[in-house]
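Chains as they are written, first to last, in this note's numbering: chain A, 1 to 84; chain B, 101 to 184.
Don't be surprised by glycine CBs; every beta carbon is placed ideally from N, CA and C.
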DNA sequence: TCAATGTTTAGGCAAATGTCTAAATAAAAC
DNA sequence: GTTTTATTTAGACATTTGCCTAAACATTGA
């Protein structure tokens, strides 16, 4: 839960998640959309992976990142506490 | 949205929100539940108020904090993007 | 009016965060 | 086998964060 909220507490990381709604993408393709350096985006992706918001698979020299929606259920569950 | 995620990115602040599910409480009553100093809790309450997750009303020398659930809808809306 | 109670503000400090450049690793292409 | 391309790791640095104590502010009660 801590890693989850931490990962979501950054606009760049949230934008990466929104990007991945359109389907999986390589680290490079994701990085192109932002003005930050590749290492910076790589670090953001690492935090998203720690929170299990994304998964990654190596494909040749590329690393493909995919949205993992199952974690959102955990978050929705926490939020629904407050909706009654 | 930034202030919202920022406010949620701390276990003490999330615990305060859960405390307020049981009803409004004064700053002092909230602070009693934690091992932190009163100024520290006051600061956390300030961040929660900035995110509009709580409202506060002064009642005499007390300040009563109340959960504001409407902001959770905004968050739920953001999350539902990812649920399709 | 003065003291006690409840809360916030101010200021300081260590740790965490977000960024960068340079270097390392790994696969592909020539 | 050497170079290019894709990505991560390492290390540095400025900013932000979360905590504290001391002081200020505001209300109540003697």
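How would you call residue 80 of chain A, buried or exposed, if buried means at least 16 neighbouring beta carbons within 10 angstroms? It counts as exposed.
On the DSSP letters alone, give me the boundaries of the beta strand (DSSP E) that residue 34 of chain A sits inside. Run containing residue 34 of chain A: none; DSSP gives neither H nor E here.
Could you tell me the boundaries of the beta strand (DSSP E) in which residue 162 of chain B lies? 162–167
So if I threshold CB-CB distances at 8 Å, which residues from the stretch 11–28 of chain A count as touching chain B? 11, 14, 17, 18, 21
Is there at least one non-hydrogen atom of the ligand GTP closer than 6 Å to the beta-carbon of residue 58 of chain A? What this structure holds is no ligand at all, so the ligand GTP is not there to describe.
Nearest chain A C-beta to residue 136 of chain B closer than 7 Å, yes or no? no
For the alpha helix (DSSP H) that residue 106 of chain B lies in, which residues bound it at each end? 102–108
Spatial distance of residue 54 of chain A from residue 15 of chain A (CA atoms): 13 Å
Given a limit of 8 Å on CB to CB distance, which residues of the stretch 157–172 of chain B reach chain A? 167, 169, 172
Taking its Cβ as the centre, do 16 or more other Cβ atoms sit within 10 Å of residue 13 of chain A, making it buried, or is it exposed? buried
First and last residue of the alpha helix (DSSP H) that includes residue 51 of chain A? Counting along the chain, residue 51 of chain A falls outside any alpha helix (DSSP H), and DSSP gives it neither H nor E.
Which residue wins for smallest C-alpha separation from residue 84 of chain B, given the options B:146, B:147, B:128? Here chain B has residues from 101 to 184 only, and residue 84 of chain B is not among them.
By how many angstroms is the C-alpha of residue 52 of chain A removed from the C-alpha of residue 71 of chain A? 7 Å
Please list, in chain order, all residues of the same chain as residue 1 of chain A whose beta carbon is under 8 Å from its beta carbon, the five residues on each side excluded. For residue 1 of chain A, the CB contacts under 8 Å within the same chain, skipping 5 residues up- and downstream, are 74, 78 in chain order.
Measure the Cβ-Cβ separation of residue 9 of chain A and residue 162 of chain B and say whether it is below 7 Å. no
Residue from A:46, A:21, A:60, A:26 whose Cα sits closest to the Cα of residue 3 of chain A: Nearest option by C-alpha distance: A:46.
Between residue 141 of chain B and residue 35 of chain A, what straight-line distance do the alpha-carbon atoms span, to the nearest angstrom? 37 Å
For residue 183 of chain B and residue 69 of chain A, I'd like the C-alpha separation in whole angstroms. 7 Å
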